[in-house]
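So, in structure tokens, the structure goes:
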């Protein structure tokens, strides 16, 4: 793969708010999916080197770049939960409010991506699962508490309430600043806003 394309692929994985599929990455770097898969496999091996602080991992047939576990706790306070996508935070909020909760409950609430979120959160050490009937029972881990820098479930709920309030405020602000559908848009003035797809 061309050096610039390879660098762009790494940049996409680093910048993404959540795991990316091979198809999504292929569109970004404008290369065939097979070539993208080969490059990702090479990068995974490279990032496994001991001197690397980051790693590339597969999460439910998608890929993401994140801080390696041995270093995660030491640097988490620098950007609290900034490396967690909205989808992961939504799944976590369900677990926080309703634990113990089952994986099937999460999937019913947020869709099939819930399977990926549960797998990702478990790999990060934020939750633990155990087989429960035809599903999995999910609970938070001690690492979860230390990761978010809290000591009680009450603090945990307050933190997520604050997060939800901030997101609601941002959503309202975006709605208020959006152009009215009946007002024609004037081309050539201002700049297009880049919107992120919620996961």
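Residue numbers (the working numbering): 20 to 218. Glycine residues also receive a C-beta, built at the ideal position from the N, C-alpha and C atoms.
For residue i, the first and last residue of its enclosing alpha helix (DSSP H)
i           : result
residue 11  : Nothing about residue 11 can be read from this structure; the chain reaches only from 20 to 218.
residue 306 : It is not possible to answer for residue 306, since the shown part of the chain is limited to 20 through 218.
residue 132 : 132-142
residue 122 : 122-129
Under 7 Å between C-beta atoms of residue i and residue j
i           : j          : result
residue 161 : residue 78 : no
residue 58  : residue 84 : no
residue 27  : residue 48 : yes
residue 68  : residue 55 : no
residue 64  : residue 75 : no
Own chain residues within Cβ distance below 7 Å of residue i, not counting five before or after
i           : result
residue 109 : 129
residue 206 : With a pLDDT of only 42 at residue 206, under 50, the local geometry of the prediction cannot be trusted, and the value read off the model is given with reservation. If we look at residue 206 and ignore the five residues flanking it on each side, it has no Cβ neighbours.
residue 24  : 48, 50
residue 52  : 41, 42, 45
residue 66  : 73, 74, 75
Anticipated Cβ contact below 8 Å, residue i with residue j, distance rounded
i           : j           : result
residue 82  : residue 121 : The Cβ separation is near 27 Å, so there is no contact.
residue 125 : residue 113 : 6 Å
Residue span of the beta strand (DSSP E) that contains residue i, given as start and end
i           : result
residue 149 : 146-151
residue 158 : 154-159
residue 81  : 81-86
residue 69  : Counting along the chain, residue 69 falls outside any beta strand (DSSP E), and DSSP gives it neither H nor E.
Three-state secondary structure (DSSP) of residue i
i           : result
residue 215 : Only weak support exists for where residue 215 lies, its pLDDT of 40 falling under 50; the value from the coordinates is given anyway. DSSP places residue 215 in coil when its eight states are reduced to three.
residue 52  : helix
residue 103 : coil
residue 78  : strand
Residues near residue i in its chain [Cβ-Cβ closer than 8 Å; skip 5 each side]
i           : result
residue 145 : 111, 159, 160, 162, 163, 166
residue 29  : 62, 84
residue 157 : 114, 118, 119, 120, 121, 122, 125, 137, 146, 147, 148
residue 87  : 71, 72, 73, 74
residue 134 : 79, 122, 126
residue 90  : 72
residue 142 : 76, 78
residue 94  : 86
residue 22  : none
residue 153 : 123
Contacting residues, own chain, Cβ-Cβ under 6 Å from residue i (five flanking each side not counted)
i           : result
residue 155 : 122, 148
residue 70  : none
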